[in-house]
Amino acid sequence: MSKPRSTPPITSVSNSRVQWLRSLKERRGREAAGAFLVEGPHAIEQALHADVEPVLVAYVPELLTVGGHVARVLDALPAQVFALPVSERVLASVGDTRTTQGLLAGFNLPDHRSQPVAAAPGLSLVLDRVRDPGNVGTLLRSAAAAGAGMVLLSPECADPFSPKVVRASAGAIFSVPFRVLTWEYLMQILSLEYRVYATHAEADVPYYEADLTEPCAILIGNEADGLGEEARVLATRSINIPMAAGMESLNAAVAGSVLLFEARRQRTRHENGAFHVPA
Numbered sequence: 082m083s084k085p086r087s088t089p090p091i092t093s094v095s096n097s098r099v100q101w102l103r104s105l106k107e108r109r110g111r112e113a114a115g116a117f118l119v120e121g122p123h124a125i126e127q128a129l130h131a132d133v134e135p136v137l138v139a140y141v142p143e144l145l146t147v148g149g150h151v152a153r154v155l156d157a158l159p160a161q162v163f164a165l166p167v168s169e170r171v172l173a174s175v176g177d178t179r180t181t182q183g184l185l186a187g188f189n190l191p192d193h194r195s196q197p198v199a200a201a202p203g204l205s206l207v208l209d210r211v212r213d214p215g216n217v218g219t220l221l222r223s224a225a226a227a228g229a230g231m232v233l234l235s236p237e238c239a240d241p242f243s244p245k246v247v248r249a250s251a252g253a254i255f256s257v258p259f260r261v262l263t264w265e266y267l268m269q270i271l272s273l274e275y276r277v278y279a280t281h282a283e284a285d286v287p288y289y290e291a292d293l294t295e296p297c298a299i300l301i302g303n304e305a306d307g308l309g310e311e312a313r314v315l316a317t318r319s320i321n322i323p324m325a326a327g328m329e330s331l332n333a334a335v336a337g338s339v340l341l342f343e344a345r346r347q348r349t350r351h352e353n354g355a356f357h358v359p360a
């Protein structure tokens with residue numbers, strides 16, 4: 082950390098560094114700065130462990146305790162990272178939560194341009210126009226927990242680097258690979274070797290009777306409109322999630338989580354020699 086903690090805290094939201102951090106709350110600001118916002122010591126620690134590069138950290142000196150989580154994260158920062166002491170009011174103006182956790186940071190956006198893109202050899206999740214940041218974050222979290230190898234997002238999805246997505250992912254954004262791709266690119270990488278499953282209320286096959294042990298991708302559509310035309314063309318299998326009478330659909334994040342963990346259940350049993358696809 083390049084700044085001693087004895088420095089008086091910044092009390093004005095007009096400070097240039099504070100303004101830079103505030104700009105990261107909006108997509109346009111993130112794109113201009115090439116950075117995104119991470120809130121709270123736990124999430125920042127996860128980002129550091131994932132080798133995401135921090136640019137600037139802001140903290141509230143009054144909330145520091147000897148040996149506390151915030152202090153430990155500050156001590157773990159690379160020496161060149163500037164740590165800016167601010168008042169609690171200033172930190173609250175930057176953050177996206179009602180209650181500050183005493184620490185937030187701007188991190189460089191990862192550069193995916195030089196990295197090859199491919200569907201995971203086992204299980205991928207594909208999001209079609211999922212616009213609610215909470216749903217995108219929750220689906221990233223479920224994908225990581227279920228052992229999915231890749232999450233692919235259409236350009237119309239909520240920005241995975243928005244503060245709400247980062248927070249809802251509970252750190253999964255730093256552990257599960259993901260990419261935002263055009264449908265043209267998605268169609269190229271989801272080759273015929275993959276089965277692409279989409280849920281449909283009128284489908285004859287319940288999700289637990291589909292063979293999710295094979296290389297496959299799970300499609301999750303828009304919260305209001307379901308799957309778009311491109312996604313429907315991409316789907317090779319339709320399955321349904323049976324529900325009680327009177328219920329028509331599930332929240333996108335819930336439906337995706339159900340399917341992801343069914344895939345994990347089947348794959349675990351398959352590895353143990355206990356799973357057989359129903360005839």
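In the numbering used here, the protein residues as written are 82 to 360.
Even for Gly, the Cβ is constructed at its ideal location relative to N, Cα and C.
Keep in mind the model is a prediction, meaning the values are calculated, not measured.
- Across the set 112, 217 and 126, the C-alpha of 217 shows the shortest separation from the C-alpha of residue 232.
- A Cβ-Cβ contact shorter than 8 Å links residue 288 with residue 320.
- Within the same chain, and ignoring the five residues on either side of residue 337 in sequence, the residues whose Cβ sits closer than 6 Å to its Cβ are 220 and 301.
- For residue 268, the enclosing alpha helix (DSSP H) covers residues 264-270.
- Scanning its chain for C-beta atoms nearer than 8 Å, with the 5 sequence neighbours on each side dropped, one finds around residue 304 the residues 211, 212, 213, 216, 332 and 333, in chain order.
- Taking the C-beta atoms as reference points, residue 105 is found nearer than 8 Å to residue 187.
- Following the DSSP letters along the chain, one finds residue 216 inside the alpha helix (DSSP H) bounded by residues 214-227.
- By the beta-carbon neighbour count (other beta carbons within 10 angstroms, threshold 16), residue 291 is buried.
- In the three-state reduction of the DSSP assignment, residue 255 falls in the helix class, which pools H, G and I.
- Straight across, the Cα-Cα distance linking residue 259 with residue 117 is about 16 Å.
- In the DSSP assignment, residue 119 falls within the beta strand (DSSP E) that extends over 116-120.
- The DSSP-derived three-state label of residue 244 is helix.
- For residue 171, the enclosing alpha helix (DSSP H) has its first and last residue at 169-175.
- For residue 94, there is no enclosing alpha helix (DSSP H), since its DSSP letter is neither H nor E.
- Our two residues, residue 156 and residue 343, have alpha carbons roughly 41 Å apart in a direct line.
- When 263, 227, 245 and 109 are compared, the shortest CA-CA separation from residue 234 is found for 263.
- Residue 145 places its beta carbon 8 Å or farther from that of residue 102.
- A distance below 8 Å between beta-carbons, with the five flanking residues on each side excluded, links residue 316 to the following residues of its chain, in chain order: 277, 278, 279, 300 and 308.
- The alpha-carbon of residue 98 is positioned some 38 Å away from that of residue 267.
- Sequence-distant Cβ neighbours of residue 168 in its own chain, meaning closer than 6 Å and more than five residues away, are 90 and 92.
- Each residue's CA atom was taken as its position, placing residue 162 and residue 139 some 11 Å apart.
- For the pair residue 208 and residue 341, the CB atoms are not nearer than the 8 Å cut-off.
- Pairing residue 125 with residue 184 gives a Cβ-Cβ distance under 8 Å.
- Annotation for residue 348: the continuous alpha helix (DSSP H) segment containing it runs 333-352.
- About 6 Å separates the beta carbon of residue 203 from that of residue 230, a gap short enough to meet the 8 Å contact definition.
- Contact between residue 174 and residue 94 holds: their C-beta atoms lie close to 5 Å from each other, under 8 Å.
- When the beta-carbon positions are compared, residue 240 and residue 108 come within less than 8 Å of each other.
- For the 8 Å CB-CB criterion, residue 151 and residue 181 do not form a contact.
- Annotated three-state conformation of residue 206 is strand, per DSSP.
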